[in-house]
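Position one of the sequence shown corresponds to residue 1 (full-length UniProt numbering), numbered consecutively onward. See below for the structure under consideration.
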Amino acid sequence: MAPLPPPPDLTQVCFKDVGFLQHVGLFPHTALDYFAQSQFYDKGCINEQVKMQARFNALRAGEMNTTGMTGAEYRVGMPAGPQVYTIEKHYRYSPKRTELIGMYYIIDGTIYQAPDLSRVLASRTRTALHFMSEALQFLSDNTTFTPEQGPGWVLDQPESAQNPSAVSKAQGAANALTPAATTSLKAGIPPSRVDFVLDHLAD
């Protein structure tokens, strides 16, 4: 059997019905009725079919047997806290086989669609890459090099400096260099040749 298509992506929208909340209230036994007012609700679901049949049947909707029906079905999950409810969307293939295909949550009367795992991982990955990029850029901007210590980073930057990064690099390099090395750098000698020059002067 082909996999079911995922529910439409409505993670960018939400729903709230102030009138329903004021006149009916939000409780475990009314959460599904409240959810049925939103754009997230599939009116072709089993819940809606049962509701329609209950209008012409002496049984209440909650007393009707739905295990023999197939299609989408909504259930109220365990309350996650005060005024926090979860709505599970299942697809029923048979009386014993169902599949969870969507999740929604209600917080203080506002309904949201829960993102699926792939969207959560993609969002977390983008966030992690963003901060890693900022960290690498910070290290790159604060890199310094001295002949004695080699490459390093200047992380303590003066707040009053107009260009903290450049000043920190200069101060770090100047403090670590010997007078001969400082002179050689001012003279334009490439840093890769500094060790050779120092050895030559020492001789």
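The C-beta atom is built at its ideal place from N, Cα and C for all residues, glycine as well. Since this is a predicted model, take the numbers as computed values, not measurements.
Nearest-angstrom Cα distance between glycine 81 and isoleucine 107?
-> Cα to Cα, glycine 81 sits roughly 9 Å from isoleucine 107.
Closest by CA to histidine 29, which one among His90, Gln83, Ala54?
-> Nearest option by C-alpha distance: Gln83.
Simplified DSSP state of proline 51, which is helix, strand or coil = The identity of residue 51 in the sequence shown is lysine, whereas the question assumes proline. In the three-state reduction of the DSSP assignment, lysine 51 falls in the helix class, which pools H, G and I.
At a cut of 8 Å, does the stretch 15-29 reach the stretch 99-114 through at least three beta carbon pairs?
-> Judged by Cβ distances under 8 Å, the stretch 15-29 makes contact with the stretch 99-114, as three or more pairs qualify.
Measure the C-alpha to C-alpha separation of alanine 54 and alanine 114 and round it to an integer number of angstroms.
-> Each residue's Cα considered, the two are about 30 Å apart.
What do you get for lysine 89, buried or exposed, if any count of 16 or more other CB atoms within 10 angstroms of its CB means buried?
-> Here lysine 89 is buried, its C-beta having at least 16 other C-beta atoms within 10 Å.
How would you write the range of the beta strand (DSSP E) that leucine 100 sits in, first residue to last?
-> Per DSSP, leucine 100 belongs to the beta strand (DSSP E) from 97-107.
Please report how far the alpha carbon of tyrosine 104 lies from the alpha carbon of glutamate 73, in whole angstroms.
-> The C-alpha of tyrosine 104 lies about 13 Å from the C-alpha of glutamate 73.
Flag this pair as yes or no: are the beta carbons of glutamine 39 and phenylalanine 20 separated by less than 8 Å?
-> At a Cβ-Cβ threshold of 8 Å, glutamine 39 and phenylalanine 20 do not count as neighbours.
Tell me which same chain residues have a C-beta within less than 8 Å of the C-beta of serine 140, skipping the five on either side of it?
-> Hits under 8 Å: none found.
Going by the CB atoms, is the gap between proline 8 and isoleucine 101 shorter than 8 Å?
-> Contact: no.
Any idea if threonine 146 is buried or exposed, counting beta-carbon neighbours within 10 angstroms, 16 or more meaning buried?
-> Burial is judged here by how many other beta carbons sit within 10 angstroms of a residue's own beta carbon; threonine 146 has at least 16 and is buried.
Please determine, among Leu136, Phe131, Val154, the residue with the shortest C-alpha to C-alpha distance to asparagine 142.
-> Selected option, being the one with the closest Cα: Val154.
Alpha-carbon spacing of cysteine 45 relative to phenylalanine 131, whole angstroms = Between the C-alpha atoms of cysteine 45 and phenylalanine 131 there is a straight-line separation of about 43 Å.
Anyone know if the C-beta pair for residue 204 and methionine 69 falls short of 8 Å?
-> This structure leaves residue 204 out entirely; the chain is present only between 1 and 203.
Cut-off 6 Å between Cβ atoms - residues of its own chain near glycine 77, not counting five sequence neighbours on either side = The answer, listed in chain order, is Thr86, Glu88.
Status (buried if at least 16 other CB within 10 Å, exposed otherwise) for alanine 31 | By the 16-neighbour rule on beta-carbons within 10 angstroms, alanine 31 is buried.
Whole angstroms is fine: what's the gap from serine 118's alpha carbon to arginine 124's?
-> Serine 118 and arginine 124: Cα-Cα distance of roughly 10 Å.
In this structure, does DSSP put histidine 90 in helix, strand or coil?
-> Strand at histidine 90.
Leaving aside the five residues before and after threonine 79 along the sequence, list all residues of the same chain whose C-beta is less than 7 Å from its C-beta, in chain order.
-> In the sequence under discussion, the amino acid at residue 79 is proline, which differs from the threonine named in the question. Cβ neighbours of proline 79 within its own chain (closer than 7 Å, five residues either side excluded): Pro28, Tyr85.
In angstroms, rounded to a whole number, what distance separates the CA positions of phenylalanine 138 and leucine 121?
-> Straight-line Cα distance between these residues: approximately 26 Å.
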